[in-house]
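What follows is one structure encoded as structure tokens, with my remarks underneath.
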Ligand code: MAN
């Protein structure tokens, strides 16, 4: 393992955050996108919340785009039409729901090391029918003056990825859906390659195929094509079941450095790293054999989703020094650091 955890982990915990409605409770603050803004890290934290359940009830919230309001759903645990096998999902009368509604909130460093203050108000909240079950797992790419925020939008229509553009993290221009269902883990490269915008994405897999990282390119950030397969799960390995890209790629002397998540058949999520060719970024130059970060600490091995480290934020906090922001157990925001040369050496093996 190469990354060093921040001794102040967890940096952000649900207890320290105010819900967006007074009758809600926060289930998790995790999977933060990150960028440098005014010389300091700025995080877009995923805040997952639900109506505080009453005894013997299951509850969740759903965004109703027609009435532009949040609806509360409360179901008796004894209701025979209710089924639940995963802490993230339940089924009721044949419809699958998420157990919480997620939105995105800004967090900034606050004084001492490892201290972050989470804004009281959401930065991006569900706003369309395709966001009825929430918006999740932001990736932030700086392109000139613009910050491009890609995120997963979840609804009964499936999981899609969407784009919002901002310059100040106060006003966001929503640019709609980039990739239709099912697609997650979209991260846009921080510069054009051969005159085109480039993004990593992760389509769903049906009866045939594996959950793999793909690449697409676009002239206008709206119409995506030029699809190419980048990498897939490795049978028998810690990343045998599914993989997906993390934060936007970082340009280095050796190629594009990407951190990615990989899970095994026990839904144990670890982080790995790859180096992609600078001019032909679908070509993998090297890939870490072993995880660079895996769930080991109590705040990673216990909690809402035990055994999950899931990252979508990477910041070069000082020249040559990288900080990876990651969600631990779908509960909290944590970070870990590594020197750029050290990770390149570890992945390339030279
Ligand atoms: C999902 C991801 C994340 C989450 C992990 C682990 O596939 O999209 O939102 O952190 O699973 O639960």
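Numbering (the numbering used here), first residue to last: 8 to 357.
Backbone N, C-alpha and C fix where the C-beta goes; we use that ideal spot for every residue, glycine too.
{"query": "Inter-residue CB distance, residue 159 and residue 142 (contact presumed, cutoff 8 Å)", "result": "7 Å"}
{"query": "Beta-carbon proximity of residue 196 to residue 120, cut-off 8 Å", "result": "no"}
{"query": "Close Cβ partners of residue 334 (< 6 Å) along its chain, the five nearest in sequence each way excluded", "result": "37, 38 and 317"}
{"query": "Alpha-carbon to alpha-carbon, residue 71 and residue 78", "result": "7 Å"}
{"query": "Contacting residues, own chain, Cβ-Cβ under 6 Å from residue 152 (five flanking each side not counted)", "result": "174"}
{"query": "Nearest-angstrom Cα separation, counted from residue 10 out to residue 344", "result": "6 Å"}
{"query": "Distance, residue 294 Cα to residue 209 Cα", "result": "17 Å"}
{"query": "Within 8 Å, strictly: CB atoms of residue 257 and residue 277", "result": "no"}
{"query": "Heavy atom of ligand 1 within 7 Å of residue 95 beta-carbon", "result": "yes"}
{"query": "Buried or exposed (CB count within 10 angstroms, at least 16 for buried), residue 235", "result": "exposed"}
{"query": "Residue(s) in a DSSP beta bridge with residue 147", "result": "156"}
{"query": "Straight-line gap, residue 15 to residue 126 (C-alpha atoms, nearest Å)", "result": "20 Å"}
{"query": "Collapsed DSSP secondary structure at residue 308 in the structure displayed", "result": "helix"}
{"query": "Residue range of the unbroken beta strand (DSSP E) whose run includes residue 82", "result": "76-83"}
{"query": "Close-in-space but distant-in-sequence residues of the same chain around residue 291 (CB under 7 Å, 5 per side omitted)", "result": "237, 238, 281 and 283"}
{"query": "Burial state of residue 76 (16 or more Cβ within 10 Å)", "result": "exposed"}
{"query": "Contact belief for residue 270 with residue 249 at Cβ below 8 Å, rounded distance in angstroms", "result": "5 Å"}
{"query": "Start and end residues, alpha helix (DSSP H) containing residue 349", "result": "347-355"}
{"query": "Every unbroken beta strand (DSSP E) within the segment 201-228, with a cutoff of 3 residues, ordered by chain", "result": "204-210 and 220-225"}
{"query": "Bridge partner(s) assigned by DSSP for residue 294", "result": "281"}
{"query": "Residue 304 CB to nearest heavy atom of ligand 1 below 7 Å", "result": "no"}
{"query": "Beta-ladder partner(s) of residue 10, from DSSP", "result": "Paired residue(s): none; residue 10 is not in a bridge."}
{"query": "Residue burial classification, residue 56 (beta-carbon count within 10 angstroms, cutoff 16)", "result": "buried"}
{"query": "Assigned exposure category for residue 30 - 16 Cβ within 10 Å defines buried", "result": "exposed"}
{"query": "Three-pair Cβ contact test at 8 Å for the segment 211-221 versus the segment 103-120", "result": "no"}
{"query": "Distance cut-off 7 Å: residue 103 Cβ against heavy atoms of ligand 1", "result": "no"}
{"query": "Residue 315 Cβ short of 7 Å to ligand 1 heavy atom set", "result": "yes"}
{"query": "Minimum C-alpha distance to residue 155 - residue among 171, 319, 165 and 267", "result": "171"}
{"query": "Counterpart residues of residue 42 in DSSP-defined beta bridges", "result": "49"}
{"query": "Sheet register partners of residue 243 (DSSP bridge)", "result": "The partner list for residue 243 (beta bridge, DSSP) is empty, contrary to what the question assumes."}
{"query": "Closest by C-alpha distance to residue 64, when choosing among 43, 93, 356 and 106", "result": "106"}
{"query": "Contact belief for residue 148 with residue 185 at Cβ below 8 Å, rounded distance in angstroms", "result": "Not confirmed; about 12 Å, so no contact."}
{"query": "Same chain, Cβ closer than 8 Å to residue 240, neighbours up to 5 away in sequence not counted", "result": "217, 218, 219, 246, 247, 248, 249, 250 and 269"}
{"query": "Residue 143 beta carbon near ligand 1 (any heavy atom closer than 7 Å)", "result": "yes"}
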